[in-house]
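Protein chains in written order, with my numbering: chain V, 28 to 158; chain Y, 72 to 440.
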Amino acid sequence: MDPKDLKYAPTHEWVSIDGDVATVGLSTFAVEQLTDLIMIDLSKATPGTTLSAGDSFGEVESVKSVNDLYAPLSGEVIEVNASVADDVNQIAQDPLGSGWILKLRPSSPDAELPNLLDFDAYQKKVAEDSH
Amino acid sequence: MSTVELLKTPLYDWHKAHGGRLVEFGGWVMPVQYSSIVEEHRAVRQHVGLFDISHMGRLRFDGPDALAWLQHVTTNDVARLAPGRIQYSLICDEDGGILDDVLVYHLTEADGYGLVCNASNRLRVVEQFEQQAGSFNATLADSTLDTAMIAIQGPAALLTLQELFEGPSLAEQGYYSHTSGQVLGTRASASRTGYTGEDGFELIVHRDVAEAVWLELLECGLKRGIRPCGLGARDTLRFEAAMPLYGHELSESVNPFAAGLAPFVKLDKGDFVGRDALTRLKEAPGAARIGLKLPGRKIARQGCGVLRGDTLIGTVTSGTFAPTLQQSLAMALVTPEAPPLGTELVVEIRGHREPAEVVELPFYRRPRS
Chain V
28 MDPKDLKYAP
38 THEWVSIDGD
48 VATVGLSTFA
58 VEQLTDLIMI
68 DLSKATPGTT
78 LSAGDSFGEV
88 ESVKSVNDLY
98 APLSGEVIEV
108 NASVADDVNQ
118 IAQDPLGSGW
128 ILKLRPSSPD
138 AELPNLLDFD
148 AYQKKVAEDS
158 H
Chain Y
72 MSTVELLKTP
82 LYDWHKAHGG
92 RLVEFGGWVM
102 PVQYSSIVEE
112 HRAVRQHVGL
122 FDISHMGRLR
132 FDGPDALAWL
142 QHVTTNDVAR
152 LAPGRIQYSL
162 ICDEDGGILD
172 DVLVYHLTEA
182 DGYGLVCNAS
192 NRLRVVEQFE
202 QQAGSFNATL
212 ADSTLDTAMI
222 AIQGPAALLT
232 LQELFEGPSL
242 AEQGYYSHTS
252 GQVLGTRASA
262 SRTGYTGEDG
272 FELIVHRDVA
282 EAVWLELLEC
292 GLKRGIRPCG
302 LGARDTLRFE
312 AAMPLYGHEL
322 SESVNPFAAG
332 LAPFVKLDKG
342 DFVGRDALTR
352 LKEAPGAARI
362 GLKLPGRKIA
372 RQGCGVLRGD
382 TLIGTVTSGT
392 FAPTLQQSLA
402 MALVTPEAPP
412 LGTELVVEIR
422 GHREPAEVVE
432 LPFYRRPRS
């Protein structure tokens, strides 16, 4: 996955749109900041659950801190990546690929997609955050 | 934080240039990690790690009444401290609350004593000594900003430091003792102390040579798997060894008996600050520090409520997923007394109730040969 092709939420989730399916994961920057991931709790994001943009759908625990994961778009959860739930290191090893977290069927992509950041805007935000 | 200038250790530039992730801690800018907390933690358990602990407060007491002054302000019995020895001690207020936990050094010189305190409490500790100065004929000098302190910790700490330390044999140095010698031709004090649960040394040198000494230690440790380590690993290591941390297990509202530190309060040594209150508290501390084991990977962090049945009995003071033990563990302060080992309690983690079992402290004890 080319990071330049992804959209980003300011809360560090990435989104990839393929037809009517949005794949969601955690950005490389967020994974680097967290380091030492311990577990991911996705019990709130079972298939069939409807999320609104900004809803917390789970949490990722690292040695240092625990952080909420937020839905970048509204929609119905259609798939959860069972392998990252079993082994959170998948996310650390390949955050934009096999470490994807869930797939959504967006309910109002036209209205919400423009709210997300493109790669350049996200890089700018990350640069500001690191200071 | 924005109005107060943060202090920088003599190694600040090195940390910055070598990928140290810098955070504010106790009024200082300190590296929390260079690579990963877990990798640095493992380096200390298996090999050797290097920590910049120059933020710790370093005080020096001299004069005929140095001993009496320390005896009056700290809770342990300084009179029992032979030259060359070090003791863990506490500074309490009149109510028996803990103002800081410290190391007291009996330096080899006749009336000379040293004291190492926490970075965030340094000014308060100095203030307490000044308030309690009375007519003691002694002086207090704060050498924190003129010196650097480096901890070398892990099974290969002795071999690493031995290569560049010139002076009395470090191998024969007992635990909680110190000696003076030279490193790179400059005066250095080495104590066999640390905050990781491993064998190790804490080195004090002049700030001007700090970076050269640091580099030399890294060089000597290279073949032994040395790593520079940040405050993150320092915290997970001390946590496994169940060493208390000020602001977590210790505070002004916690007395030494509640914190499990009774051996460091010597009520029979004569009068000292807090003695009356501590004499009463010894019989009924009102709280206890316990260890908890959680079955899952969720971490019970500071502030999480601890329940017995439906009754709130305390609060988690520190918790992490212990890197060596691969287990979610926590320390908690509960009232009024510790439930027996094996008791099933509940920890409230972000709105969820998680089971937790009372286990013995420390969680980790290093294997001794």
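By construction, the Cβ of each residue, glycine as well, lies at the ideal position given by its N, Cα and C atoms.
Give the interface partners of residue i over in chain V, defined as CB-CB distance under 9 angstroms, in chain order.
i: Val-418 (chain Y); result: Result: empty, since nearest Cβ-Cβ is about 13 angstroms, beyond 9 angstroms.
i: Val-109 (chain Y); result: Thr-62, Asp-63 and Val-90
i: Gln-16 (chain Y); result: Since the first and last residues shown for chain Y are 72 and 440, residue 16 (chain Y) lies out of range.
i: Gly-268 (chain Y); result: Ordered by position in chain V, no residue passes the 9 angstroms Cβ test against Gly-268 (chain Y), which lies about 17 angstroms from the chain.
i: Gly-376 (chain Y); result: What Gly-376 (chain Y) touches in chain V: nothing, since even the nearest Cβ is about 16 angstroms away.
Closest Cβ-Cβ distance between residue i and chain Y: below 7 angstroms?
i: Pro-66 (chain V); result: At residue 66 (chain V) the sequence reads Met, which differs from the Pro that was named. With 7 angstroms as the cut-off, Met-66 (chain V) counts as an interface residue toward chain Y.
Determine the extent of the alpha helix (DSSP H) in which residue i is found, giving its start and end residues.
i: Gly-292 (chain Y); result: 281-292
i: Ala-138 (chain V); result: 136-139
i: Ser-110 (chain V); result: 109-113
i: Arg-309 (chain Y); result: 302-311
i: Arg-113 (chain Y); result: 108-117
i: Val-75 (chain Y); result: From DSSP, Val-75 (chain Y) is part of no alpha helix (DSSP H); its letter is neither H nor E.
i: Ile-118 (chain V); result: 116-120
Starting from the beta carbon of residue i, find every residue of chain Y whose beta carbon is closer than 9 angstroms, and list them in chain order.
i: Val-93 (chain V); result: Lys-369, Ile-370, Arg-372, Ile-420 and Arg-421
Note down, in chain order, every chain V residue with its Cβ under 7 angstroms from the Cβ of residue i.
i: Thr-391 (chain Y); result: Val-90
Could you compute how far the alpha carbon of residue i sits from the alpha carbon of residue j?
i: Leu-61 (chain V); j: His-89 (chain Y); result: 19 angstroms
i: Glu-59 (chain V); j: Glu-111 (chain Y); result: 16 angstroms
i: Trp-99 (chain Y); j: Ala-371 (chain Y); result: 27 angstroms
i: Ala-330 (chain Y); j: Met-314 (chain Y); result: 10 angstroms
i: Val-173 (chain Y); j: Ser-191 (chain Y); result: 12 angstroms
i: Leu-130 (chain Y); j: Val-149 (chain Y); result: 15 angstroms
i: Pro-154 (chain Y); j: Trp-85 (chain Y); result: 35 angstroms
i: Pro-366 (chain Y); j: Ser-70 (chain V); result: 17 angstroms
i: Arg-263 (chain Y); j: Ala-119 (chain V); result: 38 angstroms
i: Tyr-159 (chain Y); j: Lys-337 (chain Y); result: 12 angstroms
i: Ser-89 (chain V); j: Pro-122 (chain V); result: 15 angstroms
i: Val-115 (chain Y); j: Gly-225 (chain Y); result: 5 angstroms
i: Leu-93 (chain Y); j: Val-93 (chain V); result: 19 angstroms
i: Lys-152 (chain V); j: His-39 (chain V); result: 10 angstroms
i: Leu-432 (chain Y); j: Gly-185 (chain Y); result: 29 angstroms
i: Lys-294 (chain Y); j: Thr-231 (chain Y); result: 10 angstroms
Give me the chain V residues within the contact set of residue i, using Cβ-Cβ distance strictly less than 8 angstroms, ordered along the chain.
i: Thr-307 (chain Y); result: Val-90
i: Gly-345 (chain Y); result: None at all; the shortest Cβ gap to chain V is about 35 angstroms.
i: Gly-238 (chain Y); result: Simply none; closest approach about 37 angstroms.
i: Leu-205 (chain Y); result: According to the sequence displayed, residue 205 (chain Y) carries Gly and not Leu. Neighbours of Gly-205 (chain Y) on chain V: none; closest Cβ ~45 angstroms, over 8 angstroms.
How would you write the range of the beta strand (DSSP E) that residue i sits in, first residue to last?
i: Ile-128 (chain V); result: Note, Ile-128 (chain V): premise wrong, no beta strand (DSSP E); not H, not E.
i: Asn-94 (chain V); result: 93-97
i: Lys-17 (chain Y); result: Because residue 17 (chain Y) is not part of the residues shown, which for chain Y are 72 to 440, the question remains open.
i: His-277 (chain Y); result: 271-277
I'd like to know whether the C-beta of residue i is nearer than 7 angstroms to at least one C-beta of chain V.
i: Leu-77 (chain Y); result: no
### Task
Take every Cβ of the segment 236-251 of chain Y, pair it with every Cβ of the segment 163-170 of chain Y, and state whether three or more of those distances are shorter than 8 angstroms.
no
### Query
Should the segment 114-124 of chain Y be regarded as contacting the segment 265-276 of chain Y, the criterion being three or more beta carbon pairs within less than 8 angstroms?
yes
### Message
Pairs of beta-carbons, one from the segment 347-355 of chain Y and one from the segment 396-405 of chain Y, closer than 8 angstroms: are there three or more?
### Response
no
### Query
Between the segment 205-225 of chain Y and the segment 238-253 of chain Y, are three or more C-beta pairs nearer than 8 angstroms?
no
### Message
Any contact between the segment 101-108 of chain Y and the segment 294-303 of chain Y? By contact I mean 3 or more CB pairs, one from each, below 8 angstroms.
### Response
yes
### Query
Would the segment 312-328 of chain Y and the segment 247-254 of chain Y be scored as touching if the rule is three or more Cβ pairs under 8 angstroms?
no
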